[in-house]
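Some notes on the structure that comes next.
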Amino acid sequence: MVVMNQRTVLLLAVWLLAGCAPSDAPVESSSAATDAPEAAGAQTVLSADGVSIHYDDLGAGQPALVFVHGWSCDRGYWSEQIAHFAQSHRVVNIDLAGHGESGLDRTVWTMQAFGEDVSAVVNALDLNNFVLVGHSMGGKVIVEAARQLGDRVIGVVGVDTFHGGGRETPREQQEEVFEQLAEDQAGFIATFVDRTFVEQSDPAIKEWVKVDMAAAPYASAVGARQASGNYDATPAVASLNVPFVLINSDFLPTDVAHLEANAEQFLFLEMSGVGHFLMMEDPETFNALLSAVLADIR
């Protein structure tokens, strides 16, 4: 059994919250937040390296919204947002390579490759004037995708991400986490997830996330984590010429000063009484905040 010391817990929290694990068969939950929407628009496309990328394309209306999950998560984590926003917007919900129903055969794991997953979907759908929304590690993915996609993107919304400003993670800290993942992935993830929820959080959601993330394929979990840890998002953030918005939980501080110093159009919004998975824990408040952001971006 892995015992996480306080330093490792804080290290992992800041690192992962710069960025979330896939499950081939998510467990059942009584919470509506974890019920996947009907996948009537499910499709696949090949990323630049040939890995199959699975996505849903639902709803209609502008601007289109492109949702990107975090490390070891999948598109099901956005179910409350897809159900809500597909009533008035076109919504595209992506499983990154190594996650959910997308291919597991990636051999080189980088943020550029994850950005290319998003770009492949956007190009297949010929999208323009859309907003990228990314949770946790997905925050780094969407700023990299925005760099690749240029002026087709009209807004970038990070969700409980960039707590540490989006910087690289020192190599020795990465190795410490990898050693513990190798020793007991399920135990390590379970302990981490316990620390990313708050006392008020719905225990059913916490248990679902704990089991789901722990089921992530080890190779993709490590590969994605290395990709995120090795990526300094600062240049991509600085290159944004569209609104860059963070909707974060207050359970950990966010390095707002670093982001304000680098992003041309930066807005920081904060939710209380929720942990890392705020869009699942309090979807009503989160959806209202995202709706307000979209109203300003239009």
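Positions 0 to 297 (numbering that gives the first Met the number 0) are the ones given, in order, by the sequence shown. Glycine is no exception: its CB is placed at the ideal position from the N, C-alpha and C atoms.
> Taking A51 as the reference, which of E115, N286, F66 and A220 has the closest Cα?
Replying inline: Before going further, note that residue 51 is Ser rather than Ala in the sequence given. Nearest to S51 by alpha-carbon distance, out of E115, N286, F66 and A220, is E115.
>> Considering only the alpha carbon of each residue, which of H162, G186 and D193 lies closest to A256?
In response: Of the candidates H162, G186 and D193, H162 places its Cα closest to the Cα of A256.
> Taking only runs of the alpha helix (DSSP H) that begin and end inside the stretch 93–177, which ones reach a length of at least 4 residues, in chain order?
Replying inline: Fully enclosed alpha helix (DSSP H) runs of no fewer than 4 residues occupy 110–124 and 137–148 of the stretch 93–177, in order along the chain.
> So, helix, strand or coil for F196, using DSSP?
Replying inline: Coil.
> For L45, is the classification buried or exposed, using 16 other Cβ atoms within 10 angstroms of its Cβ as the cut-off for buried?
Replying inline: The residue is exposed, with fewer than 16 neighbouring Cβ atoms inside 10 Å.
> Apart from the five residues just before and just after F267, which ones in its own chain have a Cβ nearer than 6 Å to its Cβ?
Replying inline: These residues qualify, in order along the chain: L245 and V255.
> When the Cα atoms are used, what is the spatial distance from A203 to E79?
Replying inline: Rounded to whole angstroms, the gap between the alpha carbons of A203 and E79 is 15 Å.
> What residue from Q184, R74, A185 and Q86 has the CA that sits closest to G133's CA?
Replying inline: Nearest neighbour of G133 by Cα position, chosen from Q184, R74, A185 and Q86, turns out to be R74.
> Near N261, what residues of its chain come up, given a Cβ to Cβ distance below 8 Å and the 5 sequence neighbours on each side ignored?
Replying inline: Contacts found: T233, V236 and A237.
>> Here's a check: name, in chain order, each residue in its chain whose Cβ is nearer than 6 Å to the Cβ of F265, leaving out the five neighbours to either side.
In response: Once the five neighbours on either side are set aside, the close Cβ partners of F265 are F243, L258 and E259.
>> With H, G and I counted as helix, E and B as strand and the rest as coil, what does DSSP make of N286?
In response: DSSP places N286 within a helical segment (H, G or I) once states are collapsed to three.
> CA-CA distance, A123 and D56?
Replying inline: Taking the straight line from one Cα to the other gives about 11 Å.
>> Short of 6 Å in beta carbon distance, which residues of its chain neighbour A47, apart from the five on each side in sequence? Order them along the chain.
In response: Result list for A47: E115, in chain order.
> Closest to V91 by CA distance: which of T106, L103, D104 and V121 is it?
Replying inline: Ranked by Cα distance from V91, the first of T106, L103, D104 and V121 is V121.
>> Between which residues of its own chain and T109 is the CB-CB distance below 8 Å, once the five residues before and five after are set aside?
In response: Counting only Cβ-Cβ distances below 8 Å, and skipping sequence neighbours, we find A226, N229 and Y230.
> Is Q302 helix, strand or coil when you go by DSSP?
Replying inline: Residue 302 cannot be examined here, being either before or after the span of the chain that is shown, 0 to 297.
>> At the level of alpha carbons, what is the spacing between D183 and G102?
In response: In this structure, the alpha-carbon of D183 lies about 24 Å from that of G102.
> Which same chain residues, not among the five before or five after V192, have their C-beta less than 7 Å away from its C-beta?
Replying inline: Excluding sequence neighbours, V192 sits near K205, V208, K209 and M212.
>> Quick check on L148: buried or exposed, where buried means 16 or more other Cβ atoms within 10 Å of its Cβ?
In response: Label assigned to L148: buried.
> Which residue spans inside the stretch 194–279 form an unbroken alpha helix (DSSP H) run of at least 4?
Replying inline: As far as the stretch 194–279 is concerned, its whole alpha helix (DSSP H) runs of at least 4 residues are 202–213, 217–228, 233–238 and 255–261.
>> Out of V241, S71 and E167, which one is the CA nearest neighbour of A218?
In response: In this structure, S71 is the residue among V241, S71 and E167 with its C-alpha nearest to the C-alpha of A218.
>> Considering only their Cβ atoms, is the gap separating I93 from V130 smaller than 7 Å?
In response: It is not a contact, given that the beta carbons lie outside the stated cut-off.
>> By the three-class DSSP mapping on this structure, what secondary structure does Q42 have?
In response: Three-state result, Q42: strand.
> For the candidate residues N127, F196 and G40, whose alpha-carbon lies nearest to that of R151?
Replying inline: The option with the nearest alpha carbon to R151 is N127.
>> With a threshold of 6 Å on Cβ separation, who are the neighbours of E269 within its own chain once the five nearest residues in sequence on each side are excluded?
In response: For E269, where only same-chain residues beyond five positions count, the Cβ hits under 6 Å are N247 and D249.
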